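A short write-up of the structure that comes next.
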Ligand SMILES: *[C@@H]1O[C@H](CO)[C@@H](O)[C@H](O)[C@H]1NC(C)=O
Ligand SMILES: *[C@@H]1O[C@H](CO)[C@@H](O)[C@H](O)[C@H]1NC(C)=O
Ligand SMILES: *[C@@H]1O[C@H](CO)[C@@H](O)[C@H](O)[C@H]1NC(C)=O
Ligand SMILES: *[C@@H]1O[C@H](CO)[C@@H](O)[C@H](O)[C@H]1NC(C)=O
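In mature numbering (1 follows the signal peptide of the UniProt record, and there is no 0), the protein residues as written are -20 to -1, 1 to 411.
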């Protein structure tokens, strides 16, 4: 390939498929905390005051996020999910927080969160009601957008319950415009494709123009079977969804449930590794006031977070399934690669896997530098194309590596990963 053609290929590759929503936000996958999976719709402030959905929960979480290194690691959004509002709008038709559980109101809570150097997220719904039956925003998009802007909220999670699916797109687009019209940049997290998939293949070009991230698939639960179902769905639809991800807009496979009850430590490492490969928003749903040190260390692992936040902003995907292993890869800046090897055999002990039989190992010609990130950090040193390199992976665990090509003199351009050629053609058809 001549140099000009190569440069063109690179330009096509690094250019996002379609324009992202232009609000200056989510240039890297969002990081923070979201209450839903762990705290759900707990309204029992009388007997369970520390865990009910109240201003106290978010203030305590914000305090811990600053004190325990979460903010420094990059987790800055503190996000409210469903069940925060009063069942009635106020006399002007505006949403209002439940007065008993949020006596100070949302503006005061936002001020508190901002005083800690963090950001506040809120929740609403594109339809007539929220999923838990609180007032929805249908017919009130401009009012609600302005209310959230007046409260100085930084992120809106916009759910899709109680909405005629044929109006979903219109509703999500109208709210996006309403948010823009407030003049305040508010990160816009959608569930448009999740609610459209049962009827129709969603238009990801339109979704990327409208939202900063978007849920595609069912809610995450605190279980390995839930994590597996999300990975399987994502791999089965990767041709459709991966090209739409990039700076400004991301596929959202839902919350990290690391630090809760349902996943073994190996499975927690798998969720962290695979969510990072998927360039997913890292929104934890756990109790940061009471989390085991190993889970905390995993969530704050700076090597993993560096992969998540890689400036190239390309989503990775499953590149192979072999012998009950899955290999997932993500292209990083400077032609580096992150590789996750997931052992899906849930019987027996650790099994060995030769990463050097793998297509992307071609980048080790003439040499590459391999670093294992999970399960332990380990520099595996300089390797060549013909070295046999084996990793060991526990049942339902993942080994995460980075591979950095080392070039001698740059005589010819480094050949990009074969799978990216496929993605490039996909881009070309929608460009
Ligand atoms: C509103 O949209 C315009 C055009 O896309 C963009 O330039 C501007 O930054 C947006 N403003 C906000 C607050 O998102
Ligand atoms: C979206 O906005 C358009 C233009 O104002 C309006 O005609 C349409 O009814 C709105 N759709 C929804 C679902 O709000
Ligand atoms: C998808 O949305 C884009 C942008 O809004 C639009 O230009 C395109 O025509 C839509 N594609 C289909 C198949 O509806
Ligand atoms: C390989 O990568 C590790 C980790 O980033 C680094 O410490 C080491 O210096 C690198 N070695 C070479 C030869 O580039």
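Glycine is no exception: its CB is placed at the ideal position from the N, C-alpha and C atoms. All values derive from a computational prediction rather than experimental measurement.
Worksheet item: What does a CB cutoff of less than 6 angstroms around residue 294 pick up in its chain, not counting 5 residues either side in sequence?
Response: Looking up residue 294 in the chain shown gives position 314. Apart from sequence neighbours up to five positions away, the residues of its chain that approach residue 294 with a beta-carbon distance below 6 angstroms are 311, ordered along the chain.
Item to complete: Please name the residue or residues paired with residue 301 in a DSSP beta bridge.
Response: Here residue 301 refers to the residue found at position 321 when the chain shown is read from its first residue. Residue 301 pairs with 306.
Fill in: Burial state of residue 282 (16 or more Cβ within 10 Å)
Residue 282 sits at position 302 when you count from the first residue of the chain shown. If you draw a 10 Å sphere on the C-beta of residue 282, you find fewer than 16 other C-beta atoms in it, and that means exposed.
Fill in: Proximity below 8 angstroms, CB of residue 125 to CB of residue 159
Taking the chain shown and counting its residues from 1, the one referred to as residue 125 is at position 145. Taking the chain shown and counting its residues from 1, the one referred to as residue 159 is at position 179. Their beta carbons are under 8 angstroms apart, which means residue 125 touches residue 159 by this criterion.
Fill in: Which listed residue (382, 265 and 363) has its alpha carbon closest to that of residue 313
Taking the first residue of the chain shown as 1, we reach residue 313 at position 333. Looking from the CA of residue 313, the closest CA among 382, 265 and 363 belongs to 382.
Discussion item. Quick check: what's the CA-CA separation for residue 30 versus residue 270?
Written reply: Position 50 of the chain shown, counting from 1, holds the residue named residue 30. Position 290 of the chain shown, counting from 1, holds the residue named residue 270. Each residue's CA atom was taken as its position, placing residue 30 and residue 270 some 12 angstroms apart.
Worksheet item: Which residues in the same chain as residue 179 place their Cβ atom closer than 7 angstroms to its Cβ, once the five residues preceding and following it in sequence are excluded?
Response: For this step, residue 179 is matched to residue 199 along the chain shown. Contacts found: 145.
Worksheet item: Can you name the start and end residues of the alpha helix (DSSP H) that residue 283 belongs to?
Response: Position 303 of the chain shown, counting from 1, holds the residue named residue 283. That run of the alpha helix (DSSP H) goes 282 to 288.
Worksheet item: For the putative contact between residue 117 and residue 155, defined by C-beta atoms under 8 angstroms, what is the C-beta separation to the nearest angstrom?
Response: Numbered from its first residue, the chain shown carries residue 117 at position 137. Numbered from its first residue, the chain shown carries residue 155 at position 175. The distance from the Cβ of residue 117 to that of residue 155 is about 7 angstroms, consistent with a contact at the 8 angstroms cut-off.
Worksheet item: Per DSSP, which one or two residues make a beta bridge with residue 359?
Response: Here residue 359 is taken as the residue at index 379 of the chain shown, counted from 1. DSSP output for residue 359 lists 351 as bridge partner(s).
Worksheet item: Is residue 164 near ligand 1, with its Cβ less than 7 angstroms from a heavy atom?
Response: Walking along the chain shown from the start, residue 164 turns up at place 184. For residue 164, the distance from the CB to the nearest heavy atom of ligand 1 is below 7 angstroms.
Item to complete: Compute the minimum distance between the beta carbon of residue 150 and the heavy atoms of ligand 2, and state whether it is under 7 angstroms.
Response: One-based indexing of the chain shown puts residue 150 at position 170. Yes, the beta carbon of residue 150 sits closer than 7 angstroms to at least one heavy atom of ligand 2.
Worksheet item: For ligand 4, any of its heavy atoms closer than 7 angstroms to the Cβ of residue 386?
Response: Numbered from 1 along the chain shown, position 406 holds the residue referred to as residue 386. Within the cutoff, so yes.
Fill in: C-alpha distance - residue 216 paired with residue 250, whole-angstrom precision
Looking up residue 216 in the chain shown gives position 236. Looking up residue 250 in the chain shown gives position 270. Taking the straight line joining both Cα atoms gives about 18 angstroms.
Discussion item. Using C-beta distances below 6 angstroms, list every residue in its chain close to residue 15, excluding the 5 sequence neighbours before and after it, in chain order.
Written reply: Within the chain shown, residue 15 is the residue found at index 35, counting from 1. Closer than 6 angstroms at Cβ, skipping near neighbours: 61.
Item to complete: Would you identify the three-state DSSP class for residue 318, choosing helix, strand or coil?
Response: Stepping through the chain shown from its first residue, residue 318 is reached at position 338. Here residue 318 sits in strand by DSSP.
Item to complete: Output the distance between the C-alpha atoms of residue 331 and residue 196, rounded to the nearest integer angstrom.
Response: Translated into the one-based positions of the chain shown, residue 331 becomes position 351. Translated into the one-based positions of the chain shown, residue 196 becomes position 216. Rounded to the nearest angstrom, the two C-alpha atoms are 32 angstroms apart.
Item to complete: Let me know the secondary structure DSSP gives residue 264 once reduced to three states.
Response: Residue mapping note: residue 264 aligns to position 284 of the chain shown, counting from 1. For residue 264, the secondary structure class from DSSP, reduced to helix, strand or coil, is strand.
Worksheet item: Which residues bound the alpha helix (DSSP H) around residue 432?
Response: Summary: the structure shown does not reach residue 432, with the chain confined to residues -20 through 411, and so no result is reported for it.
Worksheet item: According to DSSP, which residues form a beta bridge with residue 11?
Response: As a working mapping, residue 11 is identified with position 31 in the chain shown. Secondary-structure assignment with DSSP links residue 11 through a beta bridge to 262.
Worksheet entry | Three-way DSSP call (helix, strand, coil) for residue 376 in this model | For the purposes of this step, residue 376 is taken as residue 396 along the chain shown, with counting starting at 1. If DSSP states are grouped into helix, strand and coil, residue 376 belongs with coil.
Fill in: Cβ-based neighbour list, residue -3, same chain, cut-off 6 angstroms, excluding 5 preceding and 5 following
As a working mapping, residue -3 is identified with position 18 in the chain shown. Cβ neighbours of residue -3 within its own chain (closer than 6 angstroms, five residues either side excluded): 185 and 188.
Worksheet item: At which residues does the alpha helix (DSSP H) containing residue 16 begin and terminate?
Response: Position 36 of the chain shown holds residue 16. DSSP places residue 16 in the uninterrupted alpha helix (DSSP H) bounded by 16 to 19.
Item to complete: Give the single residue among 211, 1, 115 and 103 whose Cα lies nearest to the Cα of residue 135.
Response: Reading the chain shown from its first residue, position 155 is the one you call residue 135. Nearest of 211, 1, 115 and 103 to residue 135, Cα basis: 103.
Discussion item. For a test of your reading of the model: does the CB of residue 314 fall under 7 angstroms from any non-hydrogen atom of ligand 4? Yes or no.
Written reply: Mapped onto the chain shown, residue 314 falls at position 334. Residue 314 Cβ: outside cutoff for every heavy atom of ligand 4.
Discussion item. Any heavy atom of ligand 1 closer than 7 angstroms to the beta-carbon of residue 3?
Written reply: By one-based count along the chain shown, residue 3 stands at place 23. At least one heavy atom of ligand 1 is nearer than 7 angstroms to the Cβ of residue 3, so yes.
Fill in: Beta-carbon contacts of residue 93 that lie in its chain and below 6 angstroms, excluding the five residues immediately before and after
Numbered from 1 along the chain shown, position 113 holds the residue referred to as residue 93. If we look at residue 93 and ignore the five residues flanking it on each side, its Cβ neighbours are 42, 58 and 100.
Worksheet item: Whose C-beta lies closer than 6 angstroms to the C-beta of residue 86 among residues of the same chain, with five residues either side of it excluded?
Response: The residue given as residue 86 occupies position 106 in the chain shown. If we look at residue 86 and ignore the five residues flanking it on each side, its Cβ neighbours are 77 and 131.
Practice prompt. Report the partner residues of residue 236 according to the DSSP bridge assignment.
Written response: In the chain shown, counting from the first residue as 1, residue 236 sits at position 256. DSSP output for residue 236 lists 264 as bridge partner(s).
Worksheet item: Using CA coordinates, which residue listed in 259, 88, 44 and 152 is at the minimum distance from residue 182?
Response: Translated into positions along the chain shown, residue 182 becomes position 202. With distances taken between CA atoms, residue 182 lies nearest to 152 out of 259, 88, 44 and 152.
Worksheet item: For residue -1, which residues from the same chain have a beta carbon less than 7 angstroms from its beta carbon, with the 5 sequence-adjacent residues on both sides left out?
Response: Taking the first residue of the chain shown as position 1, residue -1 is located at position 20. The residues are 188, 226, 227, 228 and 229.
Item to complete: Measure the alpha-carbon distance for residue 234 versus residue 242 and round it to whole angstroms.
Response: As a working mapping, residue 234 is identified with position 254 in the chain shown. As a working mapping, residue 242 is identified with position 262 in the chain shown. Going from the Cα of residue 234 to the Cα of residue 242 covers about 16 angstroms.
Discussion item. Could you check whether residue 373 and residue 334 sit closer than 8 angstroms to each other, using their CB atoms as the reference points?
Written reply: On the chain shown, position 354 is the one that residue 334 refers to. On the chain shown, position 393 is the one that residue 373 refers to. Contact check for residue 334 against residue 373 fails: the beta carbons are separated by 8 angstroms or more.
Practice prompt. Measure from the alpha carbon of residue 434 to the alpha carbon of each residue in 355, 163, 199 and 164, then state which is nearest.
Written response: In this structure the chain extends from -20 to 411, so residue 434 is not present and cannot be described.
Worksheet item: Exposed or buried, residue 272, counting other C-beta atoms within 10 Å across all chains shown (16 or more means buried)?
Response: Residue numbering aside, residue 272 sits at position 292 when the chain shown is read from its first letter. Per the 10 Å Cβ criterion, exposed.
Discussion item. Out of 305, 166, 337 and 386, which one is the CA nearest neighbour of residue 2?
Written reply: Residue 2 sits at position 22 when you count from the first residue of the chain shown. Checked all of 305, 166, 337 and 386; the closest Cα to residue 2 is 166.
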